[in-house]
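Asker: The structure is given below, and queries will be raised subsequently.
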Amino acid sequence: MALYHPQLNSHGELKHLLTIEGLPAAILTQILDKAEDYVSVSDQEIKKLPVLTGKSVFNLFFENSTRTRTTFEIAAKRLSADVINLNIGASSTSKGETLLDTIHNLEAMHADMFVVRHAESGAPFLIAKHCKPSVSVVNAGDGRHAHPTQALLDMYTIRHYKKEFQNLRVAVVGDILHSRVARSQIHALTTLGVPEVRVIGPKTLLPKDIEKMGVQVYHDMRAGLKDVDVVIMLRLQNERMNGALLPSAQEYFKYYGLTLDKLARAKPDAIVMHPGPMNRGVEIDSAVADGAQSVILPQVTFGIAVRMAVMSILAGNK
Amino acid sequence: MALYHPQLNSHGELKHLLTIEGLPAAILTQILDKAEDYVSVSDQEIKKLPVLTGKSVFNLFFENSTRTRTTFEIAAKRLSADVINLNIGASSTSKGETLLDTIHNLEAMHADMFVVRHAESGAPFLIAKHCKPSVSVVNAGDGRHAHPTQALLDMYTIRHYKKEFQNLRVAVVGDILHSRVARSQIHALTTLGVPEVRVIGPKTLLPKDIEKMGVQVYHDMRAGLKDVDVVIMLRLQNERMNGALLPSAQEYFKYYGLTLDKLARAKPDAIVMHPGPMNRGVEIDSAVADGAQSVILPQVTFGIAVRMAVMSILAGNK
Amino acid sequence: MALYHPQLNSHGELKHLLTIEGLPAAILTQILDKAEDYVSVSDQEIKKLPVLTGKSVFNLFFENSTRTRTTFEIAAKRLSADVINLNIGASSTSKGETLLDTIHNLEAMHADMFVVRHAESGAPFLIAKHCKPSVSVVNAGDGRHAHPTQALLDMYTIRHYKKEFQNLRVAVVGDILHSRVARSQIHALTTLGVPEVRVIGPKTLLPKDIEKMGVQVYHDMRAGLKDVDVVIMLRLQNERMNGALLPSAQEYFKYYGLTLDKLARAKPDAIVMHPGPMNRGVEIDSAVADGAQSVILPQVTFGIAVRMAVMSILAGNK
Numbered sequence: 001m002a003l004y005h006p007q008l009n010s011h012g013e014l015k016h017l018l019t020i021e022g023l024p025a026a027i028l029t030q031i032l033d034k035a036e037d038y039v040s041v042s043d044q045e046i047k048k049l050p051v052l053t054g055k056s057v058f059n060l061f062f063e064n065s066t067r068t069r070t071t072f073e074i075a076a077k078r079l080s081a082d083v084i085n086l087n088i089g090a091s092s093t094s095k096g097e098t099l100l101d102t103i104h105n106l107e108a109m110h111a112d113m114f115v116v117r118h119a120e121s122g123a124p125f126l127i128a129k130h131c132k133p134s135v136s137v138v139n140a141g142d143g144r145h146a147h148p149t150q151a152l153l154d155m156y157t158i159r160h161y162k163k164e165f166q167n168l169r170v171a172v173v174g175d176i177l178h179s180r181v182a183r184s185q186i187h188a189l190t191t192l193g194v195p196e197v198r199v200i201g202p203k204t205l206l207p208k209d210i211e212k213m214g215v216q217v218y219h220d221m222r223a224g225l226k227d228v229d230v231v232i233m234l235r236l237q238n239e240r241m242n243g244a245l246l247p248s249a250q251e252y253f254k255y256y257g258l259t260l261d262k263l264a265r266a267k268p269d270a271i272v273m274h275p276g277p278m279n280r281g282v283e284i285d286s287a288v289a290d291g292a293q294s295v296i297l298p299q300v301t302f303g304i305a306v307r308m309a310v311m312s313i314l315a316g317n318k
Numbered sequence: 001m002a003l004y005h006p007q008l009n010s011h012g013e014l015k016h017l018l019t020i021e022g023l024p025a026a027i028l029t030q031i032l033d034k035a036e037d038y039v040s041v042s043d044q045e046i047k048k049l050p051v052l053t054g055k056s057v058f059n060l061f062f063e064n065s066t067r068t069r070t071t072f073e074i075a076a077k078r079l080s081a082d083v084i085n086l087n088i089g090a091s092s093t094s095k096g097e098t099l100l101d102t103i104h105n106l107e108a109m110h111a112d113m114f115v116v117r118h119a120e121s122g123a124p125f126l127i128a129k130h131c132k133p134s135v136s137v138v139n140a141g142d143g144r145h146a147h148p149t150q151a152l153l154d155m156y157t158i159r160h161y162k163k164e165f166q167n168l169r170v171a172v173v174g175d176i177l178h179s180r181v182a183r184s185q186i187h188a189l190t191t192l193g194v195p196e197v198r199v200i201g202p203k204t205l206l207p208k209d210i211e212k213m214g215v216q217v218y219h220d221m222r223a224g225l226k227d228v229d230v231v232i233m234l235r236l237q238n239e240r241m242n243g244a245l246l247p248s249a250q251e252y253f254k255y256y257g258l259t260l261d262k263l264a265r266a267k268p269d270a271i272v273m274h275p276g277p278m279n280r281g282v283e284i285d286s287a288v289a290d291g292a293q294s295v296i297l298p299q300v301t302f303g304i305a306v307r308m309a310v311m312s313i314l315a316g317n318k
Numbered sequence: 001m002a003l004y005h006p007q008l009n010s011h012g013e014l015k016h017l018l019t020i021e022g023l024p025a026a027i028l029t030q031i032l033d034k035a036e037d038y039v040s041v042s043d044q045e046i047k048k049l050p051v052l053t054g055k056s057v058f059n060l061f062f063e064n065s066t067r068t069r070t071t072f073e074i075a076a077k078r079l080s081a082d083v084i085n086l087n088i089g090a091s092s093t094s095k096g097e098t099l100l101d102t103i104h105n106l107e108a109m110h111a112d113m114f115v116v117r118h119a120e121s122g123a124p125f126l127i128a129k130h131c132k133p134s135v136s137v138v139n140a141g142d143g144r145h146a147h148p149t150q151a152l153l154d155m156y157t158i159r160h161y162k163k164e165f166q167n168l169r170v171a172v173v174g175d176i177l178h179s180r181v182a183r184s185q186i187h188a189l190t191t192l193g194v195p196e197v198r199v200i201g202p203k204t205l206l207p208k209d210i211e212k213m214g215v216q217v218y219h220d221m222r223a224g225l226k227d228v229d230v231v232i233m234l235r236l237q238n239e240r241m242n243g244a245l246l247p248s249a250q251e252y253f254k255y256y257g258l259t260l261d262k263l264a265r266a267k268p269d270a271i272v273m274h275p276g277p278m279n280r281g282v283e284i285d286s287a288v289a290d291g292a293q294s295v296i297l298p299q300v301t302f303g304i305a306v307r308m309a310v311m312s313i314l315a316g317n318k
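If you read the sequences in order, they're chains A, B and C. UniProt numbering numbers the first residue of the first sequence as 1 and each following residue consecutively. UniProt numbering numbers the first residue of the second sequence as 1 and each following residue consecutively. UniProt numbering numbers the first residue of the third sequence as 1 and each following residue consecutively.
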């Protein structure tokens with residue numbers, strides 16, 4: 001008898017995409033391979049495929065994020081789905097309806113897919129656990145927990161530029177503590193066989209026991225960037241900049257902002273990534289963001305293809 | 001010479017759907033029959049029909065309601081219409097434009113259908129009266145007056161489970177006074193030939209002279225539920241819960257909240273309905289809401305089909 | 001070697017639509033001719049053409065305008081584009097991202113067209129200057145600077161009713177100083193060969209040196225309307241009504257509100273235009289707005305066709 005798996009169906013296929021943690025490398029690779037097909041579609045004159053014709057994709061954003069919502073909306077529309085955007089904070093919740101009542105209602109409208117963004121960690125799991133077999137759930141970011149499509153597009157970007165994962169040194173830099181992006185990236189990197197994953201940041205912004213995730217910890221950025229192939233910068237949330245954890249944005253930039261000077265410690269062909277939106281002059285200098293090693297805009301392009309890949313794979317695994 | 005009818009064209013066909021009051025039973029039945037076709041469409045792999053291809057449906061929500069707007073948006077998209085969502089409170093009205101100027105402007109953009117939600121009773125009538133013959137208006141809830149598509153989906157649900165209307169006892173329970181849903185339900189039930197319609201609620205939440213609508217009045221819920229076939233619960237608006245009309249939500253639940261115990265007074269095969277969103281523990285107990293007699297989620301499913309039916313009939317009666 | 005032109009490509013074709021100023025008459029006429037085709041499409045049963053199938057049109061509204069956004073959304077959908085509405089004020093900007101970072105991100109999602117509304121004059125130029133060759137920009141109103149599609153639909157309306165431009169007297173009435181609409185109209189009228197363009201308004205609402213735009217200035221409305229063929233009224237912004245520039249809305253109406261009495265000074269077949277939304281009783285009397293000479297609603301209809309024409313011409317000039 002198969003054990004219950006929150007994301008896989010009884011054939012071991014992807015049923016929901018909730019977190020990178022616990023997903024086999026083969027499934028990550030399947031998504032990256034499928035995304036490769038879609039990257040070429042986006043370059044074509046007519047960027048539309050009939051993969052999700054007649055399917056209803058609901059963007060359920062309990063936490064506002066125009067940018068992320070837009071990427072999913074474009075991805076779904078390029079696959080010919082009907083897309084319904086729901087900013088739930090502003091509606092049912094304020095009427096006192098429970099999360100699961102809202103979900104069951106939308107299900108009853110014959111939803112095929114929920115793309116869920118929620119401020120509370122675990123909310124997409126709760127939804128996936130209670131929804132009908134005909135519905136797939138994609139986590140578009142939950143609390144500090146996970147942001148799997150961001151991690152997948154990052155993996156796509158790395159594979160695109162570095163061809164493989166087995167011989168890489170990758171550094172993730174910044175506020176690891178509050179970052180769902182970092183958590184998903186680290187799981188993806190280790191699952192795909194990156195032998196050396198480093199995290200770099202001040203003690204106040206690194207989780208205790210982060211080493212247990214299989215990473216090496218650096219507090220000194222110059223040491224941490226030495227000879228890496230990939231530098232992944234994290235966004236510093238505005239609310240951290242003048243709080244108890246950090247003296248100031250200026251101070252942060254001095255020690256952990258990526259400058260050309262610090263980047264020179266990495267390999268000459270190292271690539272620089274950032275999930276956006278960037279705080280120029282805080283975590284990254286414009287000379288790096290717009291420089292020759294930056295692959296920040298290709299990340300966005302690959303992000304659409306990766307989300308198309310996830311949606312199309314989920315739709316096929318009913 | 002034909003008399004002016006606000007909802008019917010000169011052939012006696014549905015031109016606008018503004019209220020259930022005054023609609024012949026044959027038209028209600030036509031909508032329910034058409035909806036039956038669409039229920040099966042929603043179950044298909046590709047839930048899309050070309051009925052409204054190239055038509056422009058405007059959701060004009062002068063009062064915010066994400067849930068209701070979503071059901072109309074889905075219904076229109078499944079019929080292949082172009083859907084434009086307008087939250088009018090936030091735009092033209094604030095610029096001092098009159099309601100009719102707004103409507104004539106949208107008409108001039110070759111709108112085919114207006115789905116109107118408005119806090120003032122009668123607003124959809126005003127719009128229907130002044131718009132071009134090429135435009136149909138659907139009332140998606142106006143003030144305390146009417147919510148005809150909700151009543152129609154409720155009738156669909158009753159017919160689905162009870163097969164006919166001629167031998168039923170139906171109870172509508174709760175805040176009848178402020179409820180456009182209740183008003184539309186009562187008109188639909190009596191028009192379709194339900195011989196016994198009961199309303200149950202505290203005196204402060206029942207309109208004076210409600211008996212003139214052809215219903216029997218009960219203030220005691222146990223007496224009112226005795227031997228009924230259908231129990232329709234109403235949502236208690238939050239703003240009523242601690243006002244002059246009611247002592248408290250707890251007190252309300254004690255007397256008018258639907259529990260398994262009270263439900264046992266109804267027939268054993270009685271169904272329980274609710275328009276949503278539910279206040280669990282206020283007007284309905286979770287054991288009932290999630291129980292074997294609840295048909296609350298099927299109501300939602302039928303609601304999409306009923307809205308598709310209304311839109312497709314209106315589009316055909318130009 | 002061709003000089004850099006912000007709106008034309010190296011073949012002299014329209015690449016972006018940013019302003020009327022500097023566009024050759026041939027291009028304005030090309031747009032009006034193309035719009036004529038689309039006017040008839042809007043009258044058809046199925047108002048949909050496959051011109052932009054698979055293209056992604058982004059409505060980037062940094063300044064809120066439901067009405068203008070709606071016209072572009074309808075136009076794009078009737079050409080079968082995928083339309084993404086972004087209210088940018090509420091998202092990236094609040095996250096501290098720069099305008100160009102936002103634009104480059106959307107570009108990286110394979111956007112084909114940006115429809116831009118911005119409170120700052122020149123913002124659409126900045127975007128057009130920095131975006132990829134594959135993207136076209138349409139200015140949907142920038143600060144006090146320009147609103148070219150409004151001016152084009154006005155020209156379409158004039159040509160529709162007056163057949164030509166070469167023998168007309170046209171008056172633009174109201175707050176010229178703060179009006180991007182007026183600026184674009186004046187450029188369009190003079191470019192298309194209207195021999196006499198008049199502006200009418202109080203000194204406080206007329207720019208200094210306005211004569212340099214090739215117009216005649218009138219402060220007295222009766223004198224200014226004498227024998228004109230076309231009267232174009234401007235909207236008086238609410239914020240002007242009780243400010244330093246005007247004593248009151250009543251006073252304004254007395255001197256510059258268009259009444260039947262004042263309109264009688266114009267030619268008997270003069271048409272009356274207004275970009276909407278109207279302040280009835282401030283800049284225009286209802287008897288005129290709803291009168292026989294008003295072509296205000298046809299303007300709206302032509303506006304959809306003109307925007308379809310602009311989008312389809314831009315898409316063809318890649």
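Cβ atoms here follow ideal geometry from the backbone N, Cα and C, with glycine treated the same way.
Would you report the Cα separation of Leu314 (chain A) and Gln7 (chain A), rounded to the nearest angstrom?
Answerer: Looking up residue 314 (chain A) in the first sequence gives position 314. Looking up residue 7 (chain A) in the first sequence gives position 7. For Leu314 (chain A) and Gln7 (chain A), the distance between alpha carbons rounds to 10 Å.
Asker: Is there contact between the region 123-143 of chain B and the region 75-91 of chain B, where contact requires at least three CB pairs shorter than 8 Å?
Answerer: No, because fewer than three Cβ pairs between the region 123-143 of chain B and the region 75-91 of chain B fall closer than 8 Å, the two stretches do not touch.
Asker: Within 8 Å of any Cβ in chain C, is that where the Cβ of Met1 (chain A) sits?
Answerer: Indexing the first sequence from 1 puts residue 1 (chain A) at position 1. Because the pLDDT of Met1 (chain A) is 43, which lies under 50, any placement of that residue in the model is unreliable, and the question is left without a value.
Asker: Going along chain B in order, which residues have a C-beta closer than 9 Å to the C-beta of Ser56 (chain A)?
Answerer: If you number the first sequence from 1, residue 56 (chain A) lands on position 56. By Cβ distance, chain B contributes Lys47, Ile74, Lys77, Arg78.
Asker: With Leu17 (chain A) and Thr191 (chain A) assumed to form a contact (beta carbons below 8 Å), what rounded beta-carbon distance in angstroms separates them?
Answerer: Here the question's residue 17 (chain A) lines up with position 17 in the first sequence. Here the question's residue 191 (chain A) lines up with position 191 in the first sequence. The Cβ separation is near 14 Å, so there is no contact.
Asker: Tell me whether Met311 (chain C) sits in a helix, a strand or coil according to DSSP, three-state version.
Answerer: Counting from 1 along the third sequence, the entry for residue 311 (chain C) is found at position 311. Met311 (chain C) falls in the helix class under three-state DSSP.
Asker: With H, G and I counted as helix, E and B as strand and the rest as coil, what does DSSP make of Met1 (chain B)?
Answerer: Translated into positions along the second sequence, residue 1 (chain B) becomes position 1. Because Met1 (chain B) sits at a pLDDT of 43, beneath the cut-off of 50, its placement in the model cannot be relied upon, and the following sentence gives the value as read from the coordinates. Three-state result, Met1 (chain B): coil.
Asker: Please report how far the alpha carbon of Lys318 (chain A) lies from the alpha carbon of Leu245 (chain A), in whole angstroms.
Answerer: Translated into positions along the first sequence, residue 318 (chain A) becomes position 318. Translated into positions along the first sequence, residue 245 (chain A) becomes position 245. Their Cα atoms are separated by approximately 45 Å.
Asker: Can you look up Phe253 (chain B) in the DSSP assignment and give me helix, strand or coil?
Answerer: Your numbering for residue 253 (chain B) matches position 253 in the second sequence. Here Phe253 (chain B) sits in helix by DSSP.
Asker: Measuring straight from C-alpha to C-alpha, what distance separates Arg235 (chain C) and His147 (chain C)?
Answerer: By 1-based counting over the third sequence, the position of residue 235 (chain C) is 235. By 1-based counting over the third sequence, the position of residue 147 (chain C) is 147. Distance between the alpha carbons of Arg235 (chain C) and His147 (chain C): 14 Å.
Asker: Tell me, please, whether the CB atom of Leu258 (chain B) is closer than 8 Å to any CB atom in chain A?
Answerer: The residue given as residue 258 (chain B) occupies position 258 in the second sequence. For Leu258 (chain B), the answer is no, since every Cβ of chain A falls outside 8 Å of its Cβ.
Asker: Three-state secondary structure (DSSP) at Ala151 (chain A)?
Answerer: Working through the first sequence from its first residue, we reach residue 151 (chain A) at position 151. Reduced to three states, the DSSP call for Ala151 (chain A) is helix.
Asker: Could you spell out where the alpha helix (DSSP H) holding Met221 (chain B) opens and where it closes?
Answerer: Indexing the second sequence from 1 puts residue 221 (chain B) at position 221. Start and end: 221-225.
Asker: Check whether the region 199-208 of chain A and the region 162-179 of chain A touch, using three or more Cβ-Cβ pairs below 8 Å as the test.
Answerer: Result yes; three or more Cβ-Cβ pairs closer than 8 Å.
Asker: For Val39 (chain C), which residues of its own chain have a beta-carbon under 8 Å away from its beta-carbon, when the five flanking residues on both sides are left out?
Answerer: Locating residue 39 (chain C) in the third sequence gives position 39, counting from the first residue. For Val39 (chain C), where only same-chain residues beyond five positions count, the Cβ hits under 8 Å are Thr301, Phe302, Ala305.
Asker: What do you get for Met1 (chain B), buried or exposed, if any count of 16 or more other CB atoms within 10 angstroms of its CB means buried?
Answerer: Position 1 of the second sequence holds residue 1 (chain B). With a pLDDT of 43 at Met1 (chain B), under the threshold of 50, the modelled position of this residue cannot be trusted; read the value that follows with caution. It counts as exposed.
Asker: Considering Cα atoms alone, identify which of A:Asn279, A:Ala270, A:Leu225, A:Val231 is closest to Gln250 (chain A).
Answerer: Within the first sequence, the letter at position 250 stands for residue 250 (chain A). Measuring from the Cα of Gln250 (chain A), the nearest candidate turns out to be A:Asn279.
Asker: Specify, as a first and last residue, the run of the beta strand (DSSP E) that His118 (chain A) falls within.
Answerer: Taking the first sequence and counting its residues from 1, one reaches residue 118 (chain A) at position 118. Its beta strand (DSSP E) spans residues 113-118.
Asker: I need the DSSP call for Ala171 (chain B), collapsed to helix, strand or coil.
Answerer: In the second sequence, the residue the question calls residue 171 (chain B) occupies position 171. DSSP places Ala171 (chain B) in strand when its eight states are reduced to three.
Asker: Starting from Phe125 (chain A), follow the beta strand (DSSP E) in both directions and report where the run begins and ends.
Answerer: Sequence index remark: in the first sequence, residue 125 (chain A) carries index 125 (1-based). Note, Phe125 (chain A): premise wrong, no beta strand (DSSP E); alpha helix (DSSP H) at 123-130.
Asker: Any Cβ of chain A within less than 8 Å of the Cβ of Leu245 (chain B)?
Answerer: To locate residue 245 (chain B), count along the second sequence from 1; it is residue 245. Not closer than 8 Å to any Cβ of chain A, the Cβ of Leu245 (chain B) fails to qualify, so no.
Asker: I want to verify the contact list: residues of chain C whose CB lies under 7 Å from the CB of Thr53 (chain B), in sequence order.
Answerer: Position 53 of the second sequence, counting from 1, holds the residue named residue 53 (chain B). Those are Ile46, Lys48, listed as they occur along chain C.
Asker: As an exercise, report each continuous beta strand (DSSP E) stretch of at least 3 residues that is fully enclosed by the region 188-222 of chain B, in chain order.
Answerer: Entirely contained in the region 188-222 of chain B, the beta strand (DSSP E) runs reaching 3 residues are, in chain order, 196-200, 216-218.
Asker: For the alpha helix (DSSP H) that Ser56 (chain C) lies in, which residues bound it at each end?
Answerer: If you number the third sequence from 1, residue 56 (chain C) lands on position 56. From DSSP, Ser56 (chain C) is part of no alpha helix (DSSP H) but of the beta strand (DSSP E) over 56-61.
Asker: In the DSSP assignment, what residue or residues form a beta bridge with Val230 (chain A)?
Answerer: As a first step, residue 230 (chain A) must be located in the first sequence, where it is residue number 230. Looking at the DSSP assignment, Val230 (chain A) forms a beta bridge with A:Val170, A:Ile271.
Asker: Any C-beta of chain B sitting closer than 8 Å to the C-beta of His118 (chain A)?
Answerer: Residue mapping note: residue 118 (chain A) aligns to position 118 of the first sequence, counting from 1. His118 (chain A) does not count as touching chain B.
Asker: Does the beta carbon of Ser42 (chain B) come closer than 8 Å to any beta carbon on chain F?
Answerer: Among the chains of the structure shown, chain F does not appear; the protein chains present are A, B and C.
Asker: Does the beta carbon of Val310 (chain A) come closer than 8 Å to any beta carbon on chain C?
Answerer: For this step, residue 310 (chain A) is matched to residue 310 along the first sequence. Val310 (chain A) does not count as touching chain C.
Asker: Check whether chain B comes within 8 Å of Ala108 (chain A), counting only Cβ atoms and requiring the distance to be less than that.
Answerer: Your numbering for residue 108 (chain A) matches position 108 in the first sequence. It does; some Cβ of chain B falls within 8 Å.
Asker: Using a cut-off of 8 Å between C-beta atoms, extract the partners of Val228 (chain B) located in chain A.
Answerer: The sequence position of residue 228 (chain B) within the second sequence is 228, counting from 1. Within chain A, no residue comes near Val228 (chain B); the closest Cβ sits about 24 Å away, beyond 8 Å.
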